[in-house]
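Residue numbers (full-length UniProt numbering): 1 to 300.
Backbone N, C-alpha and C define an ideal beta-carbon position, used for all residues, glycine too.
Here's the structure, in structure tokens; my notes come after.
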């Protein structure tokens, strides 16, 4: 029997209220579901979410190298795979349930550290998380975690944080949970937020949800702030692949640059100045491409 039975009953009888739903904005093969200037203000520390479906064998769909500071990015694969080949890590492939974690901290340039894998196309989510004052100007930290190293509980892959006794290997801040689920046809599962994690949302990569929380492929749902559990149920027409995020609310105002998110105007100035310093060093470093076509994260 599940340890969450009492919460299952609560979720079934008093559904958690959905406050907003969106299908975002389409940019070719990328759907922007959330940005720091819109829904990120409500869901912080979660401030940005893209759903992408790319053919990285086609150079026209590859991401440009770009900077960040003050935030962390987490890229989760929901279909297909990507190859990583970084001097600081062994080479490998990230498939369903695998992820890249990258804490930009005080400044980084990235965007081509993963290249085309074995699949014709790859689908996944890229999420940005606003860091607190203690981490927003710290050194860069990046990880590539293959699917077999990601713990699971039921249908849930624990991407960030801890859930049901399983802890992600990601070196992420406390107070954040991020799960990837593949729900079999018609099945249901109850998410019970960890204590004090009152911010919650979900997004659907493939398939549909029905019941109290109906959602279509490509849709993102925001929930009212509470610690209430909620139940997700796959349609009888096919499996559903979704991500769920929950967190302790981010207590700081967001100070935004083009690629940066900080907790104060002063830290934003510091982060963006370091990005410019790294730009000069990046140009001086010349061609850094690996044999497989990837370009390692540039930390200076």
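Query: Meets three-Cβ-pair contact criterion under 8 Å: the region 200–213 and the region 228–242; Result: yes
Query: Where residue 123 falls: helix, strand or coil (DSSP); Result: strand
Query: Complete runs of the beta strand (DSSP E) confined to the UniProt domain "Pirin N-terminal" (38–129) [at least 3 residues]; Result: 46–54, 66–68, 71–79, 82–84, 92–94, 99–103, 108–110, 114–116
Query: Inter-stretch contact (C-beta, 8 Å, three-pair minimum) for the region 102–112 and the region 282–300; Result: yes
Query: Given residue 200 as reference, the closest of 24, 23, 39 once Cα atoms are compared; Result: 39
Query: Simplified DSSP assignment, three categories, for residue 188; Result: strand
Query: Own chain residues within Cβ distance below 8 Å of residue 186, not counting five before or after; Result: 233, 234, 235, 236
Query: Rounded separation between residue 136 and residue 263 - CA only; Result: 8 Å
Query: Secondary structure of residue 143, DSSP reduced to three states; Result: strand
Query: Per-residue DSSP class, three states only, for residue 245; Result: strand
Query: Residue 76 and residue 99 closer than 7 Å at C-beta; Result: yes
Query: Buried or exposed by the 16-neighbour rule on C-beta atoms within 10 Å, applied to residue 167; Result: exposed
Query: Opposing strand residues paired with residue 22 [DSSP bridges]; Result: 220
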